[in-house]
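Engineer: Taken in order, these protein sequences are the chains called A and B.
Numbered per this note's numbering, the first sequence spans residues 53 to 302.
Numbered per this note's numbering, the second sequence spans residues 22 to 344.
For glycine and all other residues, C-beta sits at the position ideal for the given N, C-alpha and C.
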Amino acid sequence: MTAILELEHVGKRFGGLQAVHDLSFVLGEGEILGLIGPNGAGKSTLFNLINGVYTPETGKIFFRGADITGEKPFLIARRGLARTHQIVQPLMNMTVEGNCTVGACFGRENLPLKAARDTAREAAVFVGLEDRLQTLALHLTIAGKKRLELARALAARPTLLLLDEVLAGLNPTEVEHMIGIIRRIRERGVTILIIEHLMQAIMSLSDRIVVLNYGEKLAEGLPGEVAQNPQVIEAYLGDPKLAAALQGSA
Amino acid sequence: MAAMVTRPFFWIITLVVAAFILFPALGDDVQLRESLALATIYITLASSLNLMLGYAGYINFGSIVFFGLGGYICVWLVDAHHWPLLASLLAAGIGVGALAFIFGLGILRLRGPFFALSTIGIVEGVQAFVQNFEPWGGSAGIYISPEVFTPLGGPGRALWVIYFGLVATMGLSLYLSYGIKISKFGLGLLAIGQNEDAAAILGVPTPRYKAYVYSASAVLPAVAGGLYFFKSAFIQPSDAFDLSLSTEALVVAMLGGQGTVTGVAIGAYLYEELRGYLLVSGTFSHFQLVISGVLLLLIVLFFPSGLMGFIYSRFPRTQKVLE
């Protein structure tokens with residue numbers, strides 16, 4: 053398996069807080085890698101480092117062999133790396149189709165407007181927003197906005213997709229639906245790095261898991277191994293419900 | 022461009038331009054011409070401002086600096102270097118556009134209120150520079166002799182030539198607004214206007230796009246400024262860099278509906294008519310800016326999407342034709 057994303061000793065500090073410290077891991081092409089860890093472990097910061105919102109202070113990040121450390125977000129997007137946001141960021145006064153067209157126009161394929169619109173519609177249909185194409189993003193429900201985040205990222209035809217808690221705030225039916233969509237995205241050959249707090253979901257979706265705690269890698273391995281790891285359980289023990297969920301799903 | 026001519030809105034713009042040319046020319050109506058000349062300037066300024074305000078979501082209080090600088094470059098080239106009018110206007114447009122691009126790369130790192138304040142700073146800075154710049158006459162300004170009108174066929178015909186120049190500038194500003202709106206560039210700008218961080222993450226090259234649009238919003242006001250001050254045969258810093266005209270352009274864009282091409286043009290026209298009425302009426306002649314202030318407050322409070330927002334919501338079908 054060839055590596056699509058490599059992190060080498062990546063670190064980022066905010067004032068006195070070491071948000072990410074000496075973190076290294078490799079993501080293989082076609083893989084789904086789950087990223088878990090208690091709140092404040094540095095998961096979202098890590099996403100922001102990978103897609104260029106923050107520049108790491110130490111270490112290097114390679115995407116498909118190229119050094120992207122410190123590159124601007126729009127250049128990284130053009131390379132074929134797309135993401136969703138934990139707190140949804142729709143372009144509020146634009147339609148669903150418009151939002152996705154932006155993704156398609158400025159994503160990996162850098163499509164002209166007309167072709168982008170077709171790709172955009174296809175992406176919206178893929179996530180189940182086909183009857184919302186002309187709805188303004190601000191009128192969507194939270195589940196709709198989460199799907200829009202995903203559709204917009206997909207419209208860019210990325211090779212690597214970063215998913216930041218796409219299941220948070222959804223009801224069980226919507227979670228089921230979303231898991232189905234994520235599986236189908238992988239079937240299209242897209243590599244996925246996913247942050248998620250819903251243990252059952254992430255354990256069943258991921259090929260491998262990386263556990264973060266206080267910005268450092270606590271454990272890495274198959275979902276079953278990680279769930280049995282005493283250190284991981286301890287990290288979650290401050291939150292007994294999560295620890296129980298973790299063991300229950302193993 | 023090819024995609025544009027097949028759309029009805031392109032022909033609507035063309036009809037408006039034709040009307041601006043034909044009505045005063047056929048009747049040889051000088052009074053109508055002067056009133057419409059002012060309207061073309063307001064439409065050019067407001068449409069250009071709209072590229073920043075309505076598309077990219079950046080409030081520019083200093084758009085007048087392009088108008089004034091364009092005026093200075095044109096008047097100076099005609100007066101001191103005896104350039105023909107057309108060449109001077111082109112130089113004004115290109116020069117000011119290039120300057121705006123360089124300024125833009127710097128100040129467009131700022132956002133929201135900080136950007137807005139820096140645009141006022143630019144007006145003040147440029148005005149202070151010009152006041153002390155001897156080749157441009159310092160604070161006394163530049164007078165040009167009536168002889169410069171001779172190549173255009175004397176003062177009488179020159180006024181018509183200048184008017185057609187202003188109408189052409191207005192037409193270009195409308196085509197430019199529309200052309201950008203239906204382009205990929207325009208889509209990127211709209212995304213920046215909605216959420217700049219999200220736009221960058223989606224791959225919109227935000228620093229470059231912002232500098233381009235700031236520059237694009239400078240060119241036609243500079244040409245209009247060149248024509249306007251050539252016509253007055255006089256330019257001085259306090260007229261060229263008058264902040265109240267900047268503010269009026271903002272009022273006009275918001276009155277008509279920022280982000281729309283039609284609304285901004287209609288807003289500019291209505292505002293100019295209202296202003297003309299207020300200036301000649303005995304009761305209100307000193308209240309023109311008070312009225313525009315009150316108007317701005319009322320729009321922001323009750324009609325944030327302006328005239329076109331109101332029309333779109335009452336007649337949804339118009340959205341398909343009127344951009």
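#1: So, is A:Gly122 buried or exposed, given that buried needs 16 or more other C-beta atoms within 10 angstroms?
#2: Starting from B:Gly192, follow the alpha helix (DSSP H) in both directions and report where the run begins and ends.
#3: Below 8 Å, can you find three or more Cβ-Cβ pairs linking the stretch 202-209 of chain A to the stretch 167-181 of chain A?
#4: In this structure, what does DSSP give as the bridge partners for A:Gly80?
#5: Give me the Cα-Cα distance between A:Leu57 and A:Val278, rounded to the nearest whole angstrom.
#6: Would you tell me roughly how many angstroms separate the C-alpha atoms of B:Gly186 and B:Leu131, rounded to the nearest one?
#7: Quick one: give me the first and last residue of the alpha helix (DSSP H) that B:Ser227 is part of.
#8: Would the stretch 241-253 of chain B and the stretch 280-289 of chain B be scored as touching if the rule is three or more Cβ pairs under 8 Å?
#9: If you follow the beta strand (DSSP E) that A:Ala271 is part of, which residue opens it and which one closes it?
#10: My understanding is that B:Gly277 touches B:Leu195, with C-beta atoms under 8 Å, so please give their C-beta distance in whole angstroms.
#11: Which of the three DSSP states, helix, strand or coil, is assigned to A:Phe99?
#12: Once DSSP output is grouped into helix, strand and coil, what is the label at A:Ile247?
#13: Which residue from A:Gln70, A:Arg160 and A:Gly80 puts its Cα closest to that of A:Asp259?
#14: How would you list, in chain order, the residues of chain B whose beta-carbon sits under 9 Å from the beta-carbon of A:Arg130?
#15: By DSSP, does B:Leu300 sit in helix, in strand, or in coil?
#16: Within 7 Å (strictly less), CB to CB, does B:Asn71 reach chain A?
#17: Measuring CA to CA, which of B:Leu266, B:Ser204 and B:Leu111 is closest to A:Cys157?
#18: To the nearest angstrom, report how far apart A:Gly180 and A:Leu190 are at their CA atoms.
#19: Using a Cβ cut-off of 7 Å, which residues of the stretch 117-131 of chain B contact any Cβ in chain A, in chain order?
#20: For a test of the three-state rule: what should DSSP assign to B:Gly91, helix, strand or coil?
#21: I'd like the ranges of any beta strand (DSSP E) spanning at least 3 consecutive residues and lying wholly in the stretch 171-230 of chain A.
#22: Just verifying my parser: in three-state terms, what is the DSSP assignment at A:Glu109?
#23: Taking 8 Å as the cut-off, does the stretch 85-96 of chain B touch the stretch 49-56 of chain B (at least 3 CB pairs, one atom from each stretch)?
#24: Kindly indicate if chain A contains any beta-carbon less than 7 Å away from that of B:Gln152.
#25: Out of A:Arg116, A:Val62, A:Ser256 and A:Thr243, point me to the one whose CA is closest to A:Ile231's CA.
#26: Would you kindly check if the distance between the Cβ of A:Lys124 and the Cβ of A:Leu101 is under 7 Å?
#27: Apart from the five residues on each side of it in sequence, which residues of its chain come closer than 6 Å, Cβ to Cβ, to B:Leu343?
#28: Let me make sure I understand the geometry here. Which of B:Met73, B:Val37 and B:Ala77 has the alpha-carbon closest to that of B:Leu193?
Structural biologist: The short version:
#1: Numbered from its first residue, the first sequence carries residue 122 of chain A at position 70. A:Gly122 comes out exposed.
#2: Locating residue 192 of chain B in the second sequence gives position 171, counting from the first residue. Unbroken alpha helix (DSSP H) run through B:Gly192: Gly175 to Lys202.
#3: yes
#4: Reading the first sequence from its first residue, position 28 is the one you call residue 80 of chain A. Answer is A:Ala55, bridged to A:Gly80.
#5: On the first sequence, residue 57 of chain A is found 5 positions in, with the first residue counted as 1. On the first sequence, residue 278 of chain A is found 226 positions in, with the first residue counted as 1. Distance between the alpha carbons of A:Leu57 and A:Val278: 21 Å.
#6: Within the second sequence, residue 186 of chain B is the residue found at index 165, counting from 1. Within the second sequence, residue 131 of chain B is the residue found at index 110, counting from 1. If you take the alpha carbons of B:Gly186 and B:Leu131, they lie about 35 Å apart.
#7: Locating residue 227 of chain B in the second sequence gives position 206, where the first residue counts as 1. Ser is not the amino acid found at residue 227 of chain B; the sequence shown has Thr there. First-last of the alpha helix (DSSP H) with B:Thr227: Thr227 to Ser253.
#8: no
#9: Counting from 1 along the first sequence, the entry for residue 271 of chain A is found at position 219. Start and end: Glu268 to Gly273.
#10: Mapped onto the second sequence, residue 277 of chain B falls at position 256. Mapped onto the second sequence, residue 195 of chain B falls at position 174. Wrong, their Cβ atoms sit about 12 Å apart, outside the cutoff.
#11: Within the first sequence, residue 99 of chain A is the residue found at index 47, counting from 1. It is helical.
#12: As a first step, residue 247 of chain A is located in the first sequence; it is residue number 195 there, counting from the start. It is a strand residue.
#13: By 1-based counting over the first sequence, the position of residue 259 of chain A is 207. It is A:Gly80 whose Cα lies nearest to the Cα of A:Asp259.
#14: Here residue 130 of chain A refers to the residue found at position 78 when the first sequence is read from its first residue. Simply Gly224 and Pro226.
#15: The residue given as residue 300 of chain B occupies position 279 in the second sequence. Helix at B:Leu300.
#16: On the second sequence, residue 71 of chain B is found 50 positions in, with the first residue counted as 1. No, B:Asn71 lies away from the interface with chain A (no Cβ there is under 7 Å from its Cβ).
#17: For the purposes of this step, residue 157 of chain A is taken as the residue at position 105 of the first sequence. Out of B:Leu266, B:Ser204 and B:Leu111, B:Ser204 has the C-alpha closest to the C-alpha of A:Cys157.
#18: Here residue 180 of chain A corresponds to residue number 128 of the first sequence, with the count starting at 1. Here residue 190 of chain A corresponds to residue number 138 of the first sequence, with the count starting at 1. Approximately 17 Å between the Cα atoms of the pair.
#19: none
#20: Position 70 of the second sequence, counting from 1, holds the residue named residue 91 of chain B. Three-state result, B:Gly91: helix.
#21: 212-216
#22: In the first sequence, the residue the question calls residue 109 of chain A occupies position 57. The answer is coil: DSSP assigns A:Glu109 none of H, G, I, E or B.
#23: no
#24: In the second sequence, counting from the first residue as 1, residue 152 of chain B sits at position 131. Not one chain A Cβ lies under 7 Å of B:Gln152.
#25: Taking the first sequence and counting its residues from 1, the one referred to as residue 231 of chain A is at position 179. When only C-alpha atoms are compared, the closest one is A:Ser256.
#26: Your numbering for residue 101 of chain A matches position 49 in the first sequence. Your numbering for residue 124 of chain A matches position 72 in the first sequence. Not a contact, by the Cβ cut-off of 7 Å.
#27: Along the second sequence, one-based indexing puts residue 343 of chain B at 322. Answer for B:Leu343: Thr283, listed in chain order.
#28: On the second sequence, position 172 is the one that residue 193 of chain B refers to. Closest option to B:Leu193, Cα to Cα, is B:Val37.
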